[in-house]
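Asker: For reference, the structure I am asking about is given below.
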Amino acid sequence: MPSGRPSKRHPKSGAEHVPLDLERALGGRRSEDAPDGTWTVQRVKGSDKTFRCPGCQQVIGPHLAHVVAWASDGLLGPTSALEDRRHWHRACWDARGRRR
Ligand SMILES: [Zn+2]
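Numbering-wise, our numbering puts 820 at position 100 of the sequence shown, and it's gapless, one number per residue.
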């Protein structure tokens, strides 16, 4: 018997709400806590473009699987942080947290 009870629960996550289209486009994301904040990390298969990895300053070549990361607690909000996302080699991203 249907009632007016909402089926969705939102456990205190209003601050990192991302529009549904974006979430769908970005499937496979996960959050990682790091000393410098919380990052949203997504594995990507690569594209036609090349990117500069901020970890090693080397180029990430076309069609090379890598990760894209952006601050999910960015000061200007997740959408702005998303526009400022960075492309990393997977190994460089993994090594990032261990470096001091
Ligand atoms: Zn790198």
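C-beta: ideal position from N, C-alpha, C; glycine also.
Where does GLU743 fall in DSSP's three states?
Answerer: For the purposes of this step, residue 743 is taken as the residue at position 23 of the sequence shown. Here the model assigns GLU743 a pLDDT of 49, short of 50, so the residue's position is not dependable and the matter cannot be decided.
Asker: Pull up the DSSP beta-bridge partners for GLY757, would you.
Answerer: As a working note, residue 757 is residue 37 in the sequence shown. Bridge partners of GLY757: ALA754.
Asker: Under 8 Å Cβ to Cβ from GLY797, same chain only, skipping five residues before and after it: list those, please.
Answerer: Position 77 of the sequence shown, counted from the start, is the residue given in the question as residue 797. Correct list: empty, nothing qualifies.
Asker: Looking only at its own chain, which residues have a Cβ that is under 6 Å from the Cβ of VAL787, when we skip the five neighbours before and after it?
Answerer: Within the sequence shown, numbered from 1, the residue matching residue 787 stands at position 67. These residues qualify, in order along the chain: VAL761, ARG763, TRP808, ARG810, TRP813.
Asker: CA-CA distance, ASP756 and ALA815?
Answerer: Here residue 756 refers to the residue found at position 36 of the sequence shown. Here residue 815 refers to the residue found at position 95 of the sequence shown. Cα-Cα distance, rounded: 14 Å.
Asker: To the nearest angstrom, how far is the alpha carbon of ARG772 from that of ARG806?
Answerer: For the purposes of this step, residue 772 is taken as residue 52 along the sequence shown, with counting starting at 1. For the purposes of this step, residue 806 is taken as residue 86 along the sequence shown, with counting starting at 1. Rounded to whole angstroms, ARG772 to ARG806 spans 8 Å at the Cα level.
Asker: First and last residue of the alpha helix (DSSP H) that includes ARG806?
Answerer: In the sequence shown, the residue the question calls residue 806 occupies position 86. Premise fails: ARG806 lies in the beta strand (DSSP E), 806 to 808, not in any alpha helix (DSSP H).
Asker: Quick one: Cα of ASP802 to Cα of ALA791, how far?
Answerer: Stepping through the sequence shown from its first residue, residue 802 is reached at position 82. Stepping through the sequence shown from its first residue, residue 791 is reached at position 71. Note on residue identity: the sequence assigns Leu, not Asp, to residue 802. Each residue's alpha carbon lies about 8 Å from the other.
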